[in-house]
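**Student:**
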Amino acid sequence: SSKADQKGGLRQSGARAGQILSQRTAAVFHGLAWGESTKGEAPRKTEKKRFPSRVCVIIAQYYLERKWSPIDPSTFKLRCGPNYRRYGLKKPSKGSFYDIVAVDTFHADSKRELSDIGNKMDLSGLLAEGEEGWVTGGFPRIWVVVLQIPGYAPPLMGVKDDGDGYAIVFYFKLNQTGLRAIENREGAARVMRKFLKQPLNIADADRGPHQWKNLVRLQNEDLNLNWILKGYVSKYNAKPFLSRNCKSYYRGESHFEVDVDIHRFNYVSRQGMHSFKDYLKTITLDIGFVVQCEADDELPEKLLGCVRIKGMDTEKDAVHLPLSEERRALHGRIRRASSA
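In C-alpha cells form, the structure reads like this:
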C-alpha cells in the first residue's frame with residue numbers, strides 16, 4: 029500500500045469518501061446491546077442482542093442528511109465582461125463545473141493527517157463504471173476541497189501554523205454543464221485547464237491572475253453576535269477571498285485536490301474564524317469555489333462548485349485521524365453492511 033494508506037489507515041479500513049462519518053455513527057448503534065428474558069422464568073444468562081448492521085447504516089444516513097445539501101450556483105454572483113477591471117460587473121453563475129456529491133469531517137492533532145485526503149480515501153463509490161481517470165481536456169472527474177481549520181486560538185506572539193484542528197472535506201463531481209463548457213472551450217474552462225496544468229508546488233505569486241477564490245456566505249440573520257463579529261461578517265460575508273500562499277495541491281488517478289490551510293491565515297482572520305467556532309453548530313453557510321478570470325475572452329467566470337452546510341458540529345461529527353486498529357476493523361465491517 030502507499031504511504032498515504034499507511035499513514036491514515038483510511039483506505040485499508042474500507043473508508044469511502046462521504047461515508048466515514050455515517051460508518052462511525054452506524055458503529056455507535058452497532059455497539060448498543062441489550063439482553064432479553066421471558067417474564068416468570070428463573071434468572072439465566074441472557075444472550076446479548078444488537079441492531080442489524082444494515083439498520084445501523086440506515087439510521088446513520090438519516091441522521092446525516094441534514095448536515096449538507098446542494099444549492100443553486102446562480103445564487104453566487106461572479107465576474108463578467110466587458111472590461112471587468114473598469115466596470116466591475118458581476119452576474120449569477122450559469123451553472124457550475126462540478127456538483128457536490130459527498131462531505132466528510134475529520135479531526136487530528138496535526139494538519140499533516142488532514143492533507144492529501146483524496147489519496148487516502150476510497151473515491152470509487154463516487155464514480156460510475158467507466159468514469160475512472162481524467163476526462164479529455166485535462167479535467168479530473170472528482171475535485172476535492174479541504175478546509176483545514178485550527179482548533180486552537182491564534183497566539184498573540186510568535187508563529188504557530190500547525191496543531192490540533194479539523195478538516196471539512198468537500199467532494200465535487202464533474203457534471204454535464206462542466207463537460208459542455210470543456211467541449212465548447214469556454215473561457216472559464218480554458219482558465220481552469222491552465223490552473224490544473226501548473227506545477228503542484230508553484231507559489232500563488234507565480235500563478236498569474238488565475239487564482240483560487242473562496243466564497244463563504246452566512247445565511248443566518250438572527251445570530252446574537254458581539255460588535256466585533258458583526259463587523260467581521262459585514263466586511264467579509266459573501267465576498268471572495270484568495271487565501272494567498274495558504275494552499276496545497278495534490279493529484280490522483282481521478283481527482284485533483286486543493287487544501288486551504290487556515291492555520292496559515294493572518295492573525296486577524298484566524299481570530300475571527302476562531303470566534304465563530306461555537307456558532308458552527310447553529311449556523312448555515314453557503315460555500316463556493318472559483319478560479320479567477322480576468323480578460324474579456326475568459327469571462328464570465330463559472331463556479332467550480334458549491335454546497336450548503338448546516339449545523340456542522342466539528343467536535344461531535346469529526347472522525348479522529350489516524351484511525352485506531354479497532355476503528356479500522358469496525359469501519360470495514362460497517363462498509364460491507366452498507367454495501368449489502
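Letter by letter, the sequence shown follows residues 29 to 368 in the numbering used here. For each residue, glycine too, the CB sits at the ideal point set by N, CA and C.
1. Determine the DSSP secondary structure at Gln176, reduced to helix, strand or coil.
2. Please determine if the region 168–185 and the region 138–152 are in contact, where contact requires at least 3 C-beta pairs separated by less than 8 angstroms.
3. May I ask which residues mark the beginning and end of the beta strand (DSSP E) holding Ser276?
4. According to the Cβ coordinates, are Phe134 and Ala195 closer than 7 angstroms?
5. Determine the DSSP secondary structure at Asp289, reduced to helix, strand or coil.
6. Under 8 angstroms by Cβ, that's how I've got Gly191 and Ser138 pegged, so tell me the actual separation to the nearest angstrom.
7. Just curious, the beta strand (DSSP E) that Arg336 is in, first and last residue?
8. Can you give me the Cβ contacts of Lys201 inside the same chain, cut-off strictly under 7 angstroms, excluding the 5 residues immediately before and after it?
9. Note down, in chain order, each residue of its chain lying with its Cβ closer than 8 angstroms to the Cβ of Phe293, except the 5 sequence neighbours on either side.
10. With three or more beta-carbon pairs closer than 8 angstroms as the criterion, would you say the region 237–244 touches the region 308–321?
11. Under DSSP, the alpha helix (DSSP H) around Leu243 begins and ends at which residues?
12. Beta-carbon separation of His291 and Pro182 under 7 angstroms?
13. Hey, quick one: how far does the beta strand (DSSP E) through Ala130 stretch, first residue to last?
14. Along the chain, where does the beta strand (DSSP E) that runs through Leu202 open and close?
15. Say whether the region 249–266 touches the region 328–336, bearing in mind that this needs 3 or more beta-carbon pairs closer than 8 angstroms, one atom from each stretch.
16. In angstroms with no decimal places, state the Cα-to-Cα distance between Gln226 and Arg235.
**Tutor:** Taking the structure as given:
1. strand
2. yes
3. From DSSP, the beta strand (DSSP E) with Ser276 extends over 275–279.
4. With a cutoff of 7 angstroms on beta-carbon distance, Phe134 and Ala195 are scored as near each other.
5. Asp289 falls in the strand class under three-state DSSP.
6. 7 angstroms
7. 333–338
8. Tyr126, Asp127, Val129, Leu154, Arg169, Ile170
9. Cβ within range, chain order: Ser271, Cys274, Met301.
10. The region 237–244 vs the region 308–321: in contact.
11. Careful: Leu243 lies outside any alpha helix (DSSP H), inside the beta strand (DSSP E) at 240–246.
12. no
13. 126–136
14. 193–202
15. no
16. 8 angstroms
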